[in-house]
Amino acid sequence: MMEYKGYVGKVEFDDEAKVLHGEVIGIRDVVTFEGESVADIEQAFRDSVDDYLDLCRQRGEDPDKPCSGKFVVRVSPELHRRLSMQASTERKSLNTVVEQCLASQVSEGPRESRAARRQTPQSRVVARKRRTAKRTGPGSK
65 MMEYKGYVGK VEFDDEAKVL HGEVIGIRDV VTFEGESVAD IEQAFRDSVD DYLDLCRQRG
125 EDPDKPCSGK FVVRVSPELH RRLSMQASTE RKSLNTVVEQ CLASQVSEGP RESRAARRQT
185 PQSRVVARKR RTAKRTGPGS K
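Read in order, the letters of the sequence shown correspond to residues 65 to 205 in the numbering used here.
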């Protein structure tokens, strides 16, 4: 994993193409990068993040921020009740109890599959899939 300007890049080796392929993780937009050596992939990662931020600035859009630490989790009323009771018993906030439960179940640096997100070889690809889909959907001008 690599980090630059708060963004995290995950790198895998593509045995078929004999290149290193990376992707910025933790954001909704798709930002990928490629290189043939460690130095190449590190530079491509930094260039891709900079290109992504420039593209957002040119479009007048806010770039996705890597994980803010806030998200909504929907649970059954029974689980909600049990968590609330545990928090009360332990004299902790519900958020603290949930955070501790999640932390105990998550390993550091999980391996994620990139499944069908493979793209044709390019030095950098910055796609604004989510926002573009809104503009090009039915009824858009």
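Glycine included, every Cβ here is placed at the ideal spot set by N, Cα and C.
**Asked** Between CYS120 and the rest of its own chain, which residues show a CB-CB distance below 6 Å, the 5 nearest in sequence each way excluded?
**Response** Working through the sequence shown from its first residue, we reach residue 120 at position 56. For CYS120, the CB contacts under 6 Å within the same chain, skipping 5 residues up- and downstream, are PRO127 in chain order.
Cα-Cα separation between VAL95 and ASP104, rounded to whole angstroms: Locating residue 95 in the sequence shown gives position 31, where the first residue counts as 1. Locating residue 104 in the sequence shown gives position 40, where the first residue counts as 1. Here the C-alpha atom of VAL95 lies approximately 16 Å from the C-alpha atom of ASP104.
- Message: Taking 7 Å as the limit between beta carbons, can you name the residues of its chain near PHE109, skipping five residues before and five after?
- Response: Sequence index remark: in the sequence shown, residue 109 carries index 45 (1-based). For PHE109, where only same-chain residues beyond five positions count, the Cβ hits under 7 Å are MET66, TYR68, GLY73, GLY86, PHE97.
Review point. Just curious, the alpha helix (DSSP H) that ILE105 is in, first and last residue?
Key: Within the sequence shown, residue 105 is the residue found at index 41, counting from 1. First-last of the alpha helix (DSSP H) with ILE105: 102-123.
Exercise for the section: Give me the Cβ distance between VAL161 and LEU147, rounded to the nearest whole Å; I'm assuming they're in contact under 8 Å. Expected result: What you label residue 161 is simply residue 97 of the sequence shown in a count that begins at 1. What you label residue 147 is simply residue 83 of the sequence shown in a count that begins at 1. Right, their Cβ atoms sit about 6 Å apart.
Does DSSP put GLU30 in a helix, a strand or coil? No statement about residue 30 is possible, as the shown extent of the chain runs from 65 to 205 and does not include it.
Query raised in the report: Of the residues GLU100, SER157, VAL88, ILE89, which one's Cα is nearest the Cα of ASP79?
Result: Locating residue 79 in the sequence shown gives position 15, counting from the first residue. That would be GLU100, whose Cα lies nearest to the Cα of ASP79.
Exercise. Does the Cβ-Cβ distance between CYS88 and SER112 come in under 8 Å?
Worked result: Along the sequence shown, read from residue 1 onward, the residue named residue 88 stands at position 24. Along the sequence shown, read from residue 1 onward, the residue named residue 112 stands at position 48. Reading the sequence as shown, one finds Val at residue 88 and not Cys. In contact: VAL88 and SER112 (Cβ atoms closer than 8 Å).
task = Return helix, strand or coil for ALA179, following the three-state DSSP convention.
result = The sequence position of residue 179 within the sequence shown is 115, counting from 1. Annotation note: pLDDT 38 at ALA179 (below 50); position unreliable, coordinate value reported separately. Three-state DSSP puts ALA179 in a helix.
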